[in-house]
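> Sending over a structure as structure tokens; questions will come in a sec.
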Amino acid sequence: MKVKVISRNPDEYLRETKLQIHKVQRNYDPNLHPFEAAREYVRALNAVKLEKVFAKPFLGSLDGHRDGVSSIAKHPKRLSLLISGAFDGEVRVWDIPQKTCLRDFVAHDGIVRGIVYTISGDHFITVGDDKTIKTWKSLIPQFGEEEEPVNTILSKTVVSGISHHRKKPIFATSGEVCQLWEETRNEPLRTVEWGVDSLHDITFNPVEGNILASCASDRSIILYDMREKYPLRKVVMKLRTNKLCWNPMEPYIFTTANEDYNLYTFDTRNLKQPTNVHVDHVGAVTYVDYAPTGKEFVSGSYDKTVRIFESEKGHSREIYHTKRMQRLTCVLWSLDNKYIMSGSDEMNIRIWKARASEKLGPLKPRERAALRYSDTLKEKYASHPQIKRIARHRQVPKHIYNAQKELRTIKDKSKKKEANRRAHSKAGEVPYVPERQKHVLKEQQ
Amino acid sequence: MSDDSDHFEFSDQELDDKGHDKIVENVLKLNKVQHVKSPHRTEPTTQISEFNLVKSLSGHQNLVHLNELTKVLKGRKKHVEIANKVKSASGRSKTLPKPLEKPQAERIKRTLNYEKSRLQFDRWEALVTSNRAAPQLIFPLDHVEKLKIIEKKAEVYPSTFRLKSDLQKKLEALEPKSEEYHIDIEEKNEFPLTLEELKEKRKEAAKLRAHQSYKEAKARRQNKIKSKKYHRILRREKIKEKLKEFELLQKTNPEEALKKLDDIEKARAEERFSLRHKGTGQWARNKQVRAKYDKESRKVLAQQLSISRELTQKVKPTDSESEDEGIESSNTSSPTSKQADKNNPWVNGIKPDKDVTDFVSGYRKYWNEVNNVSNENNNNSENANNNESKTANIGVTDGKIKKYKIKSDNKEVKKLEKTMQKKIKKNKSKDADTSQSTSDWEISSLQNELRSSIDVEDVFETLENKLNKKLKQKLMKIKTNSKTKKVKKSTTKKTSEKKKCDLSLPSRNKKQVIDEEMSEQTKNTTDDFNGDNNPDLVTLKNILANKEKCDEPVNINPDKFIKVKQTDLNTAIPDILTIDENEEEVNQRNLIMEAFEDDDIATDFDKEKAEEIEKDTPKDIDLNLPGWGSWGGTGIDSSKRKRKRFIIKMPPKMPRRDENKGSLIINEKAQAKIKPLLVSEIPFPFKSVKDYEASIRAPVGSSFVPETAFRRFIEPAVITKMGAIIEPINKSILMGKKIQI
Numbered sequence: 001m002k003v004k005v006i007s008r009n010p011d012e013y014l015r016e017t018k019l020q021i022h023k024v025q026r027n028y029d030p031n032l033h034p035f036e037a038a039r040e041y042v043r044a045l046n047a048v049k050l051e052k053v054f055a056k057p058f059l060g061s062l063d064g065h066r067d068g069v070s071s072i073a074k075h076p077k078r079l080s081l082l083i084s085g086a087f088d089g090e091v092r093v094w095d096i097p098q099k100t101c102l103r104d105f106v107a108h109d110g111i112v113r114g115i116v117y118t119i120s121g122d123h124f125i126t127v128g129d130d131k132t133i134k135t136w137k138s139l140i141p142q143f144g145e146e147e148e149p150v151n152t153i154l155s156k157t158v159v160s161g162i163s164h165h166r167k168k169p170i171f172a173t174s175g176e177v178c179q180l181w182e183e184t185r186n187e188p189l190r191t192v193e194w195g196v197d198s199l200h201d202i203t204f205n206p207v208e209g210n211i212l213a214s215c216a217s218d219r220s221i222i223l224y225d226m227r228e229k230y231p232l233r234k235v236v237m238k239l240r241t242n243k244l245c246w247n248p249m250e251p252y253i254f255t256t257a258n259e260d261y262n263l264y265t266f267d268t269r270n271l272k273q274p275t276n277v278h279v280d281h282v283g284a285v286t287y288v289d290y291a292p293t294g295k296e297f298v299s300g301s302y303d304k305t306v307r308i309f310e311s312e313k314g315h316s317r318e319i320y321h322t323k324r325m326q327r328l329t330c331v332l333w334s335l336d337n338k339y340i341m342s343g344s345d346e347m348n349i350r351i352w353k354a355r356a357s358e359k360l361g362p363l364k365p366r367e368r369a370a371l372r373y374s375d376t377l378k379e380k381y382a383s384h385p386q387i388k389r390i391a392r393h394r395q396v397p398k399h400i401y402n403a404q405k406e407l408r409t410i411k412d413k414s415k416k417k418e419a420n421r422r423a424h425s426k427a428g429e430v431p432y433v434p435e436r437q438k439h440v441l442k443e444q445q
Numbered sequence: 001m002s003d004d005s006d007h008f009e010f011s012d013q014e015l016d017d018k019g020h021d022k023i024v025e026n027v028l029k030l031n032k033v034q035h036v037k038s039p040h041r042t043e044p045t046t047q048i049s050e051f052n053l054v055k056s057l058s059g060h061q062n063l064v065h066l067n068e069l070t071k072v073l074k075g076r077k078k079h080v081e082i083a084n085k086v087k088s089a090s091g092r093s094k095t096l097p098k099p100l101e102k103p104q105a106e107r108i109k110r111t112l113n114y115e116k117s118r119l120q121f122d123r124w125e126a127l128v129t130s131n132r133a134a135p136q137l138i139f140p141l142d143h144v145e146k147l148k149i150i151e152k153k154a155e156v157y158p159s160t161f162r163l164k165s166d167l168q169k170k171l172e173a174l175e176p177k178s179e180e181y182h183i184d185i186e187e188k189n190e191f192p193l194t195l196e197e198l199k200e201k202r203k204e205a206a207k208l209r210a211h212q213s214y215k216e217a218k219a220r221r222q223n224k225i226k227s228k229k230y231h232r233i234l235r236r237e238k239i240k241e242k243l244k245e246f247e248l249l250q251k252t253n254p255e256e257a258l259k260k261l262d263d264i265e266k267a268r269a270e271e272r273f274s275l276r277h278k279g280t281g282q283w284a285r286n287k288q289v290r291a292k293y294d295k296e297s298r299k300v301l302a303q304q305l306s307i308s309r310e311l312t313q314k315v316k317p318t319d320s321e322s323e324d325e326g327i328e329s330s331n332t333s334s335p336t337s338k339q340a341d342k343n344n345p346w347v348n349g350i351k352p353d354k355d356v357t358d359f360v361s362g363y364r365k366y367w368n369e370v371n372n373v374s375n376e377n378n379n380n381s382e383n384a385n386n387n388e389s390k391t392a393n394i395g396v397t398d399g400k401i402k403k404y405k406i407k408s409d410n411k412e413v414k415k416l417e418k419t420m421q422k423k424i425k426k427n428k429s430k431d432a433d434t435s436q437s438t439s440d441w442e443i444s445s446l447q448n449e450l451r452s453s454i455d456v457e458d459v460f461e462t463l464e465n466k467l468n469k470k471l472k473q474k475l476m477k478i479k480t481n482s483k484t485k486k487v488k489k490s491t492t493k494k495t496s497e498k499k500k501c502d503l504s505l506p507s508r509n510k511k512q513v514i515d516e517e518m519s520e521q522t523k524n525t526t527d528d529f530n531g532d533n534n535p536d537l538v539t540l541k542n543i544l545a546n547k548e549k550c551d552e553p554v555n556i557n558p559d560k561f562i563k564v565k566q567t568d569l570n571t572a573i574p575d576i577l578t579i580d581e582n583e584e585e586v587n588q589r590n591l592i593m594e595a596f597e598d599d600d601i602a603t604d605f606d607k608e609k610a611e612e613i614e615k616d617t618p619k620d621i622d623l624n625l626p627g628w629g630s631w632g633g634t635g636i637d638s639s640k641r642k643r644k645r646f647i648i649k650m651p652p653k654m655p656r657r658d659e660n661k662g663s664l665i666i667n668e669k670a671q672a673k674i675k676p677l678l679v680s681e682i683p684f685p686f687k688s689v690k691d692y693e694a695s696i697r698a699p700v701g702s703s704f705v706p707e708t709a710f711r712r713f714i715e716p717a718v719i720t721k722m723g724a725i726i727e728p729i730n731k732s733i734l735m736g737k738k739i740q741i
């Protein structure tokens, strides 16, 4: 007699080794999954909640300066090195992963206005309030050796900013005039002037290396060509521009940090109005730096917060703040697109994650797939109110909250007033002016 | 003064320089006028200070004029010519215009420079836009080939294995190298391939070869397998696959599926009567085994054979049979025209109607004409034959429609013909005719493209299709009814038949763009961003909410029982309970009618509706407190005006959805709970609710979609390599060739 038994072949459900994934039989017939959208919604909700749970962006601080940090520079070839200058003229070299100071010395009398690495990273150049441009070796001096600059240039004018060319041994300084220097020479290659106002920031275009941009104290942004004797163009804004940064992936785009709490993204080819206005700060924006991918940028502000913007959007996607962080003086995005370094008035340099809830370190394939899946879900259900509420909720310090409230009322008031004026005047007398056109006074040729 | 120093130099040449300088200085000091020294420069500079400038020594007097020079030329005859030339040139020359004012000149230069740099930036436009639109970017961007010179390792490497003797080396040197004789035939191309392209090509070829060899190996391996079981399983799998394909076809293109079904059946029939399977059954085999010893079994086998022979002989169907199967035979082609009759033994018995013959003759005439004119490639007779058979086919399908068909004017036919021809020309290369697609493009089905007399047949096909359309549904019903046992999910299939199966993956480009302020709060603030700040409003809402909650009285609505019509729901549950309900329904109706004889249903319902409406309308809220702001107590009425001030008035009449709907109550608050969870407006890149809903409905999880699709869906927009420095974009990307990553 044959006995029939219900049996399963263990090969179908058992894995051969521990390293393998459990076998799961799936039927993808949509008729069998009537609640797929609902299930994914719940998954998205959980993912967005977990994102908030894991959002711990602060990684650590580098302390040691005895005065506020005035400038920071990142090494062009190494991710772990960082140089910072302080208001008391001290320069420090940091090892970021170890959070230690490798080297410290007084470089200038007065504020260190700017630091840049040379192309190879063997040397770095500092400028200070003492009208000197000093070149230093990146190597730590041997025991008994003194900290001495390799070269010191005594500038005839005040120097307040410095930027290095990405390919050539040429750097530019700003101050009373814009000067172009060759590394081996003590005289500037070229001096370009436009107006008498001093320039407080200068930046080389990382892609089109001949183009330079600088911010002047007469509220203007000036563009230069390294090869030409005369500057290219000038844009006058309503308030002063503090810092300018070129998009590394889109050569004709640059973003400026403005005194009027906003950031403006310009297209070099059309300077009549910014292509985008980035709002959200409640204090003067002091610094801006692009992510190396060119998709995002980070800004530091006088309102004691760091904000991260997506370069095509008007509002920030993230705000970083701590209780003890004071006015931001400089913020940098690391070259591997993972970290943000911020230097502030209260003598500390802070390291943040660029994406607050990102898991650092290598990921296993399945883990990565899971994280990517949850990211996709978050994106897919982004506009659902519950998910949006959780994803965009941030705790901010009271002063920010209050300032925002105040700004909002001011804005509402002016809006209302304009509406009233429009209502009580002839049609067309009070025109609608788009937000983008409000902030540029004129474009000078 | 400088003149003096010159004199000194001329006169006292023998004096040493130092002493000379000293003397000069002393002399100059005598004058007590400060003189500007000529600058000493140790390094090249571009900037020359205005303070360092010295007036030229010679001054205006020592200027050299051209005429003075030409004076010298007067002497000789040869020089006179030159002098004249100079004179004429000086006569013609004009003084240059005064240069522009400095600011103006500078402005012009600046604008020119700017325009130049703008053009430079313009080159990036395309790249930047494409990068912005790209669904995924992988950083660092290493698109561009970095030139590297690599040794030909393949040739050098083997030689390292062996030590060569001196003689060997010498011999080798004598031998001409084989490489030099390599002539690449493909090099003669007009545009020679670049290194990168060549590499790519080689890589592709290698891939192809590898794939090929792999397949070959697999086939060889499979061929070697002798196991019957394996082959059986393989066959079964193949059959299963075919079945699956067929089912899919049934969903997407029922016509085609029907045809295919017929084909399959035909093939099976052919197989069965091919006499190949005569002795393959279990029973037959058993008998065969025994036949050697057993007379009976031999007999039975012989009998069986004779039966089979009988059965496989051609049968002449009778009239009545063909009539019964009229519908089905419409689908399977059964030519019945006069000409075909002679050749065709199957339809010998059938006599076509008069209508049919009329129709056929009319069409034949027409088509003979048409073909004579248009279709030169094909033989007329052939076409005629084709036409006849086709028309006959139509004729059999439905006698009643024939008249209409005959009337169908020539114009229509011509039009159809034209369109079909066009289509064929377009799609000659394509051979796919299923409407299942992996992209958004629709592929129109074209079945007859390969036939010789394409246009004519197509016309007939279309006509036939028109005719068959009505029949098809009936036919399908019949078929499905007969096969309900076989097909498990017949109900679900019915619904899905109409849908077009779109297998294309949704495009990943559409991402919701949310550009909003973050909702930033301090820790102490409560959730007040919902706009619930106004306490009055809160109370109002609470009151309204409370009202909703008050329980509804249980009403028996007899109307429900009577009027409700049974509707067919599209569910996956097989409707097993299909008892003849007519009688029961009637019974129930009578019962209920009896039970509620006294009730006036219509008025009851109206009453109920009015109640419902009244319940839902917001009522004025009286916030009066007795004694508030004035004296209170018995007999004291506060003034009317004061009372009025504390009454929050509601709008008198709110529009309702069921206002003009008669006997219908719509509960508008049923969705109150789910409403805050729903998206209120379409997010940016989407233009219609339909699009957005579709994007939400499409699942991405690995539990709903296959693994490969899942991997594709979850690819992030930006991928960075850990610990890799991302350099700014490089200019070479504009010029360089792309490499495969």
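Chains as they are written, first to last, in UniProt numbering: chain P, 1 to 445; chain V, 1 to 741.
Even for Gly, the Cβ is constructed at its ideal location relative to N, Cα and C.
As the structure is a computational prediction, the values presented were derived from the model and not from experiment.
#1: My parser needs the beta strand (DSSP E) runs of 3 or more residues fully inside the region 409 to 443 of chain P; what are they?
#2: Are the CB atoms of A284 of chain P and N242 of chain P nearer to each other than 8 Å?
#3: Leaving out five residues before and five after K266 of chain V in sequence, what residues of the same chain have Cβ atoms less than 7 Å from its Cβ?
#4: Which residue spans inside the region 332 to 366 of chain P form an unbroken beta strand (DSSP E) run of at least 3?
#5: Identify whether T293 of chain P lies in helix, strand or coil by the three-state DSSP scheme.
#6: So what's E90 of chain P in DSSP terms, helix, strand or just coil?
#7: Kindly indicate which residue of P:E443, P:I21, P:Q25 has the alpha-carbon position closest to the one of V236 of chain P.
#8: If we define contact as Cβ-Cβ less than 8 Å, is M654 of chain V a contact residue for chain P?
#9: Does the beta-carbon of R643 of chain V have 16 or more other beta-carbons within 10 angstroms, so that it is buried, or is it exposed?
#10: Quick check: what's the CA-CA separation for I153 of chain P versus W136 of chain P?
#11: Does the beta carbon of R372 of chain P sit closer than 8 Å to a beta carbon anywhere in chain V?
#12: Determine the burial state of G633 of chain V: buried for a count of at least 16 other Cβ atoms within 10 Å of its Cβ, exposed for fewer.
#13: Examine chain V for any beta-carbon lying closer than 8 Å to the beta-carbon of V150 of chain P, and answer yes or no.
#14: Can you check which of these residues, V:Q512, V:I647, V:G279, V:K523, is closest to E379 of chain P by C-alpha distance?
#15: Assuming A105 of chain V is part of the alpha helix (DSSP H), what are its boundary residues?
#16: Among V:I725, V:P728, V:V718, V:M735, which one has its Cα closest to the Cα of A133 of chain V?
#17: Which residues, taken in chain order from the region 11 to 38 of chain P, show a beta carbon closer than 8 Å to some beta carbon of chain V?
#18: Determine the extent of the beta strand (DSSP E) in which A172 of chain P is found, giving its start and end residues.
#19: Name the chain P residues whose beta carbon is nearer than 7 Å to that of L243 of chain V?
#20: Is there a Cβ from chain V that is less than 8 Å from the Cβ of P248 of chain P?
#21: Give me the Cα-Cα distance between M1 of chain P and L258 of chain V, rounded to the nearest whole angstrom.
#22: Specify the secondary structure class of Q288 of chain V as computed by DSSP and reduced to three states.
#23: Which residue from P:N31, P:P30, P:R15, P:L32 puts its Cα closest to that of V24 of chain P?
#24: Distance cutoff 8 Å, beta carbons only. Does E379 of chain P sit that close to anything in chain V?
#25: Mind listing which residues of the region 713 to 727 of chain V have their C-beta closer than 9 Å to chain P's C-betas, in chain order?
Considering the structure as presented:
#1: none
#2: Along the first sequence, one-based indexing puts residue 284 of chain P at 284. Along the first sequence, one-based indexing puts residue 242 of chain P at 242. The answer is yes: Cβ separation under 8 Å.
#3: The sequence position of residue 266 of chain V within the second sequence is 266, counting from 1. Closer than 7 Å at Cβ, skipping near neighbours: no residue.
#4: 339 to 344, 348 to 353
#5: Working through the first sequence from its first residue, we reach residue 293 of chain P at position 293. Coil at T293 of chain P, not helix or strand.
#6: On the first sequence, residue 90 of chain P is found 90 positions in, with the first residue counted as 1. It is a strand residue.
#7: Looking up residue 236 of chain P in the first sequence gives position 236. Minimum Cα distance to V236 of chain P is reached at P:E443.
#8: Taking the first residue of the second sequence as 1, we reach residue 654 of chain V at position 654. No, M654 of chain V lies away from the interface with chain P (no Cβ there is under 8 Å from its Cβ).
#9: In the second sequence, residue 643 of chain V corresponds to position 643, counting from 1. When all chains shown are included, R643 of chain V counts as exposed.
#10: Position 153 of the first sequence, counting from 1, holds the residue named residue 153 of chain P. Position 136 of the first sequence, counting from 1, holds the residue named residue 136 of chain P. If you take the alpha carbons of I153 of chain P and W136 of chain P, they lie about 12 Å apart.
#11: Within the first sequence, numbered from 1, the residue matching residue 372 of chain P stands at position 372. It does; some Cβ of chain V falls within 8 Å.
#12: For the purposes of this step, residue 633 of chain V is identified with residue 633 of the second sequence, where counting begins at 1. G633 of chain V is exposed by the Cβ-count criterion.
#13: Along the first sequence, read from residue 1 onward, the residue named residue 150 of chain P stands at position 150. By this cut-off, V150 of chain P is not an interface position.
#14: Numbered from its first residue, the first sequence carries residue 379 of chain P at position 379. The shortest Cα separation from E379 of chain P among V:Q512, V:I647, V:G279, V:K523 belongs to V:Q512.
#15: Within the second sequence, the letter at position 105 stands for residue 105 of chain V. Unbroken alpha helix (DSSP H) run through A105 of chain V: 102 to 122.
#16: The residue you call residue 133 of chain V lines up with position 133 of the second sequence. Out of V:I725, V:P728, V:V718, V:M735, V:V718 has the C-alpha closest to the C-alpha of A133 of chain V.
#17: R26, Y28, P30, N31, H33, E36, A37
#18: Taking the first sequence and counting its residues from 1, the one referred to as residue 172 of chain P is at position 172. Note, A172 of chain P: beta strand (DSSP E), 170 to 175.
#19: Taking the first residue of the second sequence as 1, we reach residue 243 of chain V at position 243. The contacting residues do not exist; L243 of chain V stays about 16 Å from chain P at best.
#20: The residue labelled residue 248 of chain P in the question sits at position 248 within the first sequence. Yes, P248 of chain P lies at the interface with chain V (some Cβ there is under 8 Å from its Cβ).
#21: Locating residue 1 of chain P in the first sequence gives position 1, where the first residue counts as 1. Locating residue 258 of chain V in the second sequence gives position 258, where the first residue counts as 1. So the two alpha carbons sit approximately 45 Å from each other.
#22: Start at 1 with the first residue of the second sequence, and residue 288 of chain V comes out as number 288. Reduced to three states, the DSSP call for Q288 of chain V is helix.
#23: What you label residue 24 of chain P is simply residue 24 of the first sequence in a count that begins at 1. Among P:N31, P:P30, P:R15, P:L32, the Cα nearest to that of V24 of chain P is on P:R15.
#24: Taking the first sequence and counting its residues from 1, the one referred to as residue 379 of chain P is at position 379. Cβ-Cβ to chain V under 8 Å: yes for E379 of chain P.
#25: F713, I714, E715, P716, A717, V718, T720, K721, M722, G723, A724, I725, I726, E727
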